[in-house]
Each structure stands twice: as structure tokens, then as C-alpha cells.
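Student:
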Amino acid sequence: MANEANNPALPAGRFQEIISHCKEYGYIFQSSEIYDGLSAVYDYGQMGAQLKKNLRDYWWKSMTQIHDNIVGIDAAIFMHPTTWKASGHVDNFSDPMIDNKDSNKRYRVDHLIEGFAEEQLAMSKEELAKEVLASMDLLIAKDDFAGLKKLIEDNKIKCGISKTCNWTDVRQFNLMFSTQIGSLAEEADTIYLRPETAQGIFVNYLNVQKSGRLKLPFGIAQTGKAFRNEIVARQFIFRMREFEQMEMQFFIRPGTQMQWFNYWKEERKKWHESIGIPAEKLRYHDHVKLAHYADAALDIEFEFPFGWKELEGIHSRTDFDLKQHELFSKKKLQYFDNDLNEEGKPYGNYTPYVVETSVGLDRLFLTVISLAYKNESWKKEDGSDDSRVVLKIPPMLAPYKLAILPLLKKDGLPEIAKQIMDDCKADFYCFYEEKDSIGKRYRRMDAIGTPFCVTIDHQTKEDNTVTIRYRDSMTQERIAIADVKRLVMEKIAF
Ligand code: GAP
């Protein structure tokens, strides 16, 4: 049996292998690579786009189809500029940064300090790492920029490029990208590329509630691109300047926010487990410093190959956003609740509270790929060594579900294979391949993560059976052609 050489606890050094694998097999490419790439921007190739779509579809279905009180929308990326004034992003969506005066390299202060703590951990200086991170959390919570600079200087934290400690003061930088709308420069208005999809939901709250005749509690879900001018963009698709979010705002009665916050905290962790993420690779991290809109917040963290990091955020956003949009638009965004309260009177008009779930699709993709990537080696029956690189992506998410492989390019075998393909391709993605030896073809299907292969050989012509090979176990069995579609459909059902 195969020995899993590098999962689940993938050493950080092997992370580069995953990145190379993603490129070699059409999952992810550096954006504009022929022009030497664009930092922190990535393109999804033919395999990656399909895996990403399958993840998005599964999230969409879980939210909007499985929950009968959640609907989905698709709001524009461009929004009226006042949206971002109202939401607080113009004034508050910034991170403390520090520049090294010798290299002119800019760092996000928390990333610089976390990097230092990781180095200490690697040198078994656990106490120091913990102490520095705890001090950082306290200083960030108090917006104490002088204290943060002192922490960096006291610990002699160096710039990775100049290797000096010659730092500027800590300052705030806004992360939103701005552009102009309008044809003439003098008429143009500054607008922003949305830094989160959530605001498209808030400004549509009343339209959706009224047109859908929705009764609280209800949710509005949406997926789409978001943009942030991340200063330290690193770790592949973990932190990008253009990325995709899958967000759901759950509108509730004021005072019930902790009940719903706890509900969604549990639900979302279970959802991650439902796509095959082991429970021990997920944990909660409560926020010390709450965002300007939140009265409770936590991250669901995943143990990425480079450590525990945020995968999804759950935020109790109170009525902050709707109230702000009421204030700036001068329109009422209230809800009339005719359910009776404890005194037997209708709750009446109020601005709903909101609990938000927000997961990055690209981070989810990285989670799935880093769990799926395995470099296996084993001894064959004759004593010789064998190995393979395989993506053990859960069948329901894999880009191709079934590879259809005629053993030879002759004797009528391709015709039978194409017949199977025609029978299956309307229901799921199939990959047809007749070049190379069957062993090489299996290896290629392992590398792109295809969970099932069927091989058509001479026996097929006699008894209408094919060999089905299971990617994860590499076991094979003979089944009737008539059973192929049903078997695959059963295994890939959402
Ligand atoms: N609406 C709330 C919100 O945007 P957030 O914690 O800033 O909250 C939510 O972002 C999720 O979006 C994160 O948990 C992460 O998965 C993803 N995300 C945020 N910034 C990202 C980036 N630069 N690159 C990739 N994903 C990102």
C-alpha cells in the first residue's frame, strides 16, 4: 500500500512543490507570466477554474438551496462611492505599515512581527514567540503605533532585504483601490473597486426583502471578486490583491445576535468538514481587536502548509452597516416585525442586526489542494520501488470525474470509449485519452485528481465490461458498461 510521504502535516519546504504542481497541471498560473507576472495576482487554468467553480457551486447550493431562508444575489463590483464612506472603509480600512529606510520595503506591521515569531518558533524559542505575539495583539488593540515600533526595535526585527533595523514610524495605509468613472477627467468621480462583497448585500437589503417578501431571520448570499491593495502579498493564493469572496449576511432581530453568531460558527465549521477537511486541521480564533462594525468576531483557521491562518471570518456586525447606509442615503432600511413580543405586542419597526459568514474562495481552494496533494511511494510485488504524485480531491469537487481510456487506438476500442463518453458527458466532466501506455495515463489522471478511470480492452467487446480504477486506493475491478454512469454519479453527488 502507498505510503503518504508528506500529508497531512506538509512541511513548509514542500509548499513550493504544490505551487509547481498547480502550474504544471493547469491549476494556477502567475498572472501575465509572459511579462514576468504581476505580484499577488493569479490566473486559474483549465483545471483550477473547474475546481474553483465546483467549490463555489457547493457553497452556493449549501447556502441558498439547503437553507430555505437564504437567497442569493449578484451585485456589481462598482458601487456608489458614498457606500464606502458609509461603511467606514474610506476612513478605517487600513493597516498599520512600517517602511525600512534602507531598502524602502514596506511591511504590514503584524506580518513583520508574525514572521519574527515564526522564526523564533523554528529555533524552539516558543516563550519569546508567544510573548511577542501577545504584546502585538495588545498594542494593535490599542492602536498604539509608537508601542508597535518599540516592540519591533526592542526585538531587533530586521528587514528581509536590507537586514537592518532602520525603520520609519508606523503609519496607517488604506487598502482600497480607486479608479475614475466617467468619460472626461474633469467630470470623473473617484470610485473604488469593492474591498468586500458584503456592501452589495447591505445596499440591496430592502430591495431583496420586499421583492422576496422575506421574513426575518433570513440571509442574502453572494460570491464575487473583491480587491485589496495588500502591501505584503505572499504565500501564493493565500493573500492576493484580486480575490473572490463567498459571503452571507444573515438579518436577525436585535438581541439575538449571539445565538446566531454561535449557530453560524458551528454550521460553517461543519460545512468545511463536509468537504473533507479533517476537524483537527480547523480551529476557532477569537478576535482580540474587533473591526469597527463588529460586537463579536472570530476566524475559522486552517492549518495551511505554512501554519495556522484564517480561512473564514464570522462577524456579528450589529446594525452598523444598515444604520450607516440609512444615515448617508437618508432612506429608511427598516423591517416591520409583526410577531408578538413577551408583552403580547408586535415588535414593530427596527433596523435588523446582521451576522456575517465570509470565506475566501481562493483560500478554500488552497486548503483543498494542500490537503489533496500527496507524494506517495511504495514497494511493488517484485520488490522494486514505485511512486506517484496524486491529488486526492474529494470526487464531488474534482475537475474531471471520469477518465475514459481505450487500451489501444484500434480494434474498435476507441468507438466503444466514445460511446461511454457520449453517454456520460451531459451528467459530469469526462476526460478522453488514447495516447501513451495505460500506466502513464493513470499517473496523469492521478496528477490532475481524476477520481475514476475506466479502461476499455478486448474483453469489453466480448462481455460489455470495463476495468474501473479508483484513484485513491489504485484498486481495480471489472464492472458492466451499463453501471459506469450510475457508479460515478453516486460518488460525486453533492
Ligand atoms: N466582509 C467581511 C470581510 O471581508 P475579511 O476577514 O476581511 O472580512 C473575509 O475577509 C475572508 O476573505 C477571509 O477570511 C479570507 O478568506 C478572504 N480574504 C481576505 N483578504 C484576502 C486576500 N487578500 N486574498 C485572499 N483572500 C482574502
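In the numbering used here, the protein residues as written are 1025 to 1518.
Just so you know, even glycine gets a beta-carbon here, dropped at the ideal spot from N, CA and C.
A quick note: this is a predicted structure, and the numbers were derived from the prediction, not measured.
#1: Which one of 1042, 1146, 1202 and 1140 has the shortest CA to CA distance from residue 1156?
#2: Following the continuous beta strand (DSSP E) through residue 1428, name the residue where it begins and the one where it ends.
#3: Roughly how many whole angstroms lie between the Cα atoms of residue 988 and residue 1472?
#4: Quick test of your reading: residue 1074 and residue 1456, contact by CB under 8 angstroms. State the CB separation rounded to the nearest angstrom.
#5: Since residue 1415 sits in a beta bridge, which residues does DSSP pair it with?
#6: When the Cβ atoms of the segment 1328-1342 are set against those of the segment 1280-1298, are three or more pairs found closer than 8 angstroms?
#7: Assuming contact is defined by CB atoms lying nearer than 8 angstroms, are residue 1427 and residue 1491 in contact in what I supplied?
#8: Just curious, the beta strand (DSSP E) that residue 1332 is in, first and last residue?
#9: Report the rounded CA-to-CA distance for residue 1230 versus residue 1374, giving the unit in angstroms.
#10: May I ask you to check if the CB of residue 1337 is nearer than 7 angstroms to at least one heavy atom of the ligand GAP?
#11: Please determine if the segment 1396-1406 and the segment 1257-1268 are in contact, where contact requires at least 3 C-beta pairs separated by less than 8 angstroms.
#12: Can you list, in chain order, the residues of its chain with a C-beta nearer than 8 angstroms to that of residue 1371? Leave out the 5 residues immediately preceding and following it.
#13: DSSP three-state call for residue 1042: helix, strand or coil?
#14: Out of 1252, 1247 and 1321, point me to the one whose CA is closest to residue 1216's CA.
#15: Does the Cβ-Cβ distance between residue 1117 and residue 1238 come in under 8 angstroms?
#16: To the nearest angstrom, how far is the alpha carbon of residue 1435 from that of residue 1091?
#17: Less than 6 angstroms between C-beta atoms, sequence neighbours within five positions excluded: which residues of the same chain meet that for residue 1327?
#18: Should residue 1269 be counted as a contact of the ligand GAP given a C-beta to heavy atom distance under 7 angstroms?
#19: Per the contact definition of three or more C-beta pairs closer than 8 angstroms, is the segment 1185-1201 in contact with the segment 1121-1130?
#20: If we ignore side chains and look at the alpha-carbon of each, how far apart do residue 1249 and residue 1088 end up?
#21: Would the segment 1377-1388 count as touching the segment 1264-1274 if we require 3 or more Cβ pairs under 8 angstroms?
#22: Go to residue 1153, then tell me how far its beta strand (DSSP E) extends in each direction, as first and last residue.
#23: For residue 1314 and residue 1288, I'd like the C-alpha separation in whole angstroms.
Tutor: This is what the structure holds:
#1: Among 1042, 1146, 1202 and 1140, the Cα nearest to that of residue 1156 belongs to 1140.
#2: 1426-1430
#3: As displayed, the chain neither begins before 1025 nor continues past 1518, which places residue 988 out of reach and without an answer.
#4: At roughly 16 angstroms, the Cβ-Cβ gap does not stay under 8 angstroms, so residue 1074 and residue 1456 are not in contact.
#5: 1397
#6: Counting Cβ pairs under 8 angstroms, three or more are found: they touch.
#7: no
#8: 1331-1342
#9: 13 angstroms
#10: Here the distance from the Cβ of residue 1337 to the nearest heavy atom of the ligand GAP is below 7 angstroms.
#11: no
#12: Closer than 8 angstroms at the Cβ level, and outside the excluded window around residue 1371, lie 1277, 1361, 1362, 1363, 1364 and 1365.
#13: DSSP places residue 1042 in helix when its eight states are reduced to three.
#14: 1252
#15: no
#16: 52 angstroms
#17: 1305
#18: yes
#19: yes
#20: 19 angstroms
#21: yes
#22: Counting along the chain, residue 1153 falls outside any beta strand (DSSP E), though it belongs to the alpha helix (DSSP H) covering 1150-1165.
#23: 18 angstroms
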